[in-house]
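Report on one structure; see the data block that follows.
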């Protein structure tokens, strides 16, 4: 996801309401999120669907890595040679 450009990507709720279609078009074209403020404080973030999907996929990979690392720390890992053997048994020859 691209970084915010502060003077373009932060919109008050009133502007978002008045120009919703333009805000959505901006997000789709720029691939940058738009922060929507309410009473001067950040309230929501509008992001492009493809950027959201990519971010979700990256998060899932990071969660899998963290799970694997915690399993290894708990002694639940298996040696590389054993893992390789198990994988090769599943591959039809």
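Residue numbers (our numbering): 462 to 554.
For glycine and all other residues, C-beta sits at the position ideal for the given N, C-alpha and C.
Per DSSP, reduced to three states, the secondary structure at residue 507 is strand. Excluding residues up to 5 positions away in sequence, 472, 477, 495 and 507 lie with their Cβ nearer than 7 Å to the Cβ of residue 484 in the same chain. Put simply, the backbone Cα of residue 491 is about 44 Å away from that of residue 551. Shown here for residue 470: same chain residues with a beta carbon closer than 6 Å to its own, the five before and five after excluded, namely 493 and 495 in chain order. Nearest to residue 503 by C-alpha distance, out of 513, 534 and 467, is 467. Around the beta carbon of residue 488, a 10 Å sphere encloses 16 or more other beta carbons of the protein chains shown; the residue is thus reported as buried.
For residue 522, same chain residues with a beta-carbon under 8 Å away, outside a window of 5 residues either side, do not exist. Judged by their CB atoms, residue 532 and residue 538 are nearer to each other than the 8 Å cut-off.
About 18 Å separates the CB atoms of residue 516 and residue 497; that is not less than 8 Å, and the two are not in contact.
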